[in-house]
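Structure (structure tokens):
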């Protein structure tokens, strides 16, 4: 697992994501593919953290965003995803994880020609996300989404 920002919570979130990814028999039957956009379903929610399952068709992406006051981690279960943060791009392959702290801005996308599936964990559970647009001068905040927007 690679971490963008280390805190006491961040490595634990990566462990939760990897543990659930390793038990795909518990949730694989729930995965759907949608040509209209990424498909996602929340698998778990409590006061400490939440877990989301996301499927990605080729070309689907999140756009640049952060996770508000939450830290996070994701593990790719099937396929490969590209994770872009300002100034760097990395590939997260099946079985690999990426963890990040608060205020981390990134864009996750499927740049392959095959579907991908990933497990995402956030703590505390998401309450807001800021959306950004990439401009020649850098990222510019364009919107703030609240939980009820998802």
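Numbering (the numbering used here), first residue to last: 59 to 208.
The beta-carbon is built from N, C-alpha and C at its ideal position, and this holds for glycine as well.
- Rounded to the nearest angstrom, the Cβ distance from residue 132 to residue 178 is 4 Å, consistent with a contact under 8 Å.
- By the CB criterion at 7 Å, residue 197 and residue 168 fall outside the cutoff.
- Exposure of residue 149 is indicated by the presence of fewer than 16 other C-beta atoms within 10 angstroms of its C-beta.
- Under the DSSP assignment, residue 77 falls in the alpha helix (DSSP H) whose first and last residues are 68–79.
- The Cβ atoms of residue 75 and residue 181 do not sit closer than 7 Å to each other.
- Taking the Cα positions, residue 207 is about 12 Å away from residue 188.
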